[in-house]
Amino acid sequence: MLKIFRIIAILEGISFLLLFGLGMPLKYKGGIPEPNIYIGYAHGFLFIGYAVLALLLTMEKKWGLKKFIILFTASLLPFGTFYIDKKYLKPSV
């Protein structure tokens with residue numbers, strides 16, 4: 002499940018950056034709302050998947066509430082999921 006969560010985390014982070022870096026400027030500066038709609042749908046789906054998987058993974062690994070709050074907060078910050086992937090989710094070698 003950790004591997005799936007890492008993939009969803011990276012995709013959610015990419016969709017977040019696309020939404021704010023591409024979709025919003027096109028909508029508000031370029032007057033082109035269509036890309037924002039599709040990027041927004043993808044981001045919403047990935048965000049919900051990330052939040053649900055974060056909760057399930059936290060319960061499965063018995064990480065506790067603090068780690069869940071860290072994982073969830075990362076989904077609200079630009080580049081947060083990339084940081085979480087590198088700091089908390091990357092398997093130790």
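Letter by letter, the sequence shown follows residues 2 to 94 in our numbering. Don't be surprised by glycine CBs; every beta carbon is placed ideally from N, CA and C.
Neighbourhood of residue i by C-beta distance below 8 Å, restricted to the same chain and skipping five residues each side
{"i": "Leu-47", "result": "Ile-9, Leu-12, Glu-13 and Ser-16"}
{"i": "Met-68", "result": "It is Lys, not Met, that sits at residue 68 in the sequence shown. Cβ neighbours of Lys-68 beyond the five flanking positions: Thr-59 and Tyr-89."}
{"i": "His-44", "result": "Glu-13, Ser-16, Phe-17, Leu-19 and Leu-20"}
{"i": "Ile-5", "result": "Leu-54"}
Proximal residues to residue i (C-beta, below 7 Å), its chain only, five neighbours per side dropped
{"i": "Phe-73", "result": "Ala-52 and Ala-55"}
Range of the contiguous alpha helix (DSSP H) that encloses residue i
{"i": "Ile-71", "result": "66–75"}
{"i": "Phe-6", "result": "3–19"}
C-beta atoms of residue i and residue j nearer than 9 Å
{"i": "Leu-66", "j": "Gly-41", "result": "no"}
{"i": "Glu-61", "j": "Met-2", "result": "yes"}
{"i": "Ile-70", "j": "Ile-85", "result": "no"}
{"i": "Lys-63", "j": "Arg-7", "result": "no"}
Where residue i sits in the DSSP three-state scheme
{"i": "Lys-95", "result": "Since the first residue of the chain shown is 2 and the last is 94, residue 95 is not available in this structure."}
{"i": "Lys-63", "result": "coil"}
{"i": "Pro-26", "result": "helix"}
{"i": "Gly-32", "result": "coil"}
{"i": "Phe-80", "result": "coil"}
Chain-order list of residues whose beta-carbon lies under 6 Å from that of residue i (same chain, five-residue window excluded)
{"i": "Phe-83", "result": "Gly-14"}
{"i": "Pro-36", "result": "Gly-24 and Leu-27"}
is_contact[residue i, chain B] using C-beta, thresh 9 Å
{"i": "Gly-31", "result": "The chain inventory of the structure shown lacks chain B, comprising one protein chain alone."}
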